[in-house]
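Okay, so here's the structure we're looking at.
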Amino acid sequence: MAASQNGQEAALTAELLRDVLGYQVRITHTLIKRIFHEKFQDFDLTNVEFGMLLIIKAMPRCSQRSASEALGTPATVAVHVIGKLIERGLVSRERDPDDRRNYNLALTAAGKSLVNDGLRRSRIAQSQMLAGLSDRDVATLFGALRKIQDNLRDILCGAEE
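Counting in the working numbering, the sequence shown runs from -15 upward without gaps.
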């Protein structure tokens, strides 16, 4: 009887959480991180480090500050991540000739090669994650996620005032 009761409680809990956005996002995020770890294990990178490489690829010669903001990480975290990427020879950092207080970031040849391989793997993994969704479903999903992100930023900005 206890096993039956535990099964009923688990089903009730699952039903309650089914429509809780934060729970669904958390479970999805956890699964994506596990897949990232599996697919990128030989890169010896965290998902944040790979994200930083993608930002630097998308914004060549960007400042540390703009890379940090684009990735949505605190500056202290970004400095640590960038330092690790520089140590590994994936990123170079040079003084900004227009403002000597700032540094510009760029991918090294090794960084470019790793990012290109990572993007290829990422595309494959993403197509597996989105299997069964139509192009329209995918567009709706990404549009809804961007709208939720905008709403959350608005809420956070309102909380700061």
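For glycine and all other residues, C-beta sits at the position ideal for the given N, C-alpha and C.
Alpha-carbon spacing of residue i relative to residue j, whole angstroms
i	j	result
Ile16	Ser47	28 Å
Arg2	Glu22	27 Å
Val63	Val122	34 Å
Leu136	Ala54	16 Å
Arg45	Leu0	48 Å
Gly102	Phe34	8 Å
Leu125	Asp138	20 Å
Lys131	Asp83	35 Å
Ile11	Arg107	21 Å
Close Cβ partners of residue i (< 8 Å) along its chain, the five nearest in sequence each way excluded
i	result
Met113	Ile16 and Ile19
Met43	Ser50, Ala51 and Ala54
Lys68	Glu33
Lys96	Lys41
Leu5	Ile132
Beta-carbon proximity list for residue i, same chain, < 7 Å, skipping 5 on both sides
i	result
Lys41	Leu91 and Val99
Same chain, Cβ closer than 6 Å to residue i, five either side skipped, listed in chain order
i	result
Asp80	Asn86 and Asn88
Ser52	Ala59 and Ala62
Ala128	none
Top-ranked residue by Cα proximity to residue i, from the options
i	options	result
Leu37	Ile132, Arg120, Ile66 and Arg84	Ile66
Ala109	Asp83, Leu69 and Phe24	Phe24
Ala173	His13, Thr(-3), Arg72 and Leu117	Past the boundaries of the shown model lies residue 173; the chain is included only from -15 to 145, so the question cannot be answered.
Arg105	Gln8, Phe27 and Thr(-3)	Phe27
Val9	Ala115, Gln133, Ser97 and Thr(-3)	Gln133
Pair within 8 Å by beta-carbon distance, residue i and residue j
i	j	result
Thr57	Val75	no
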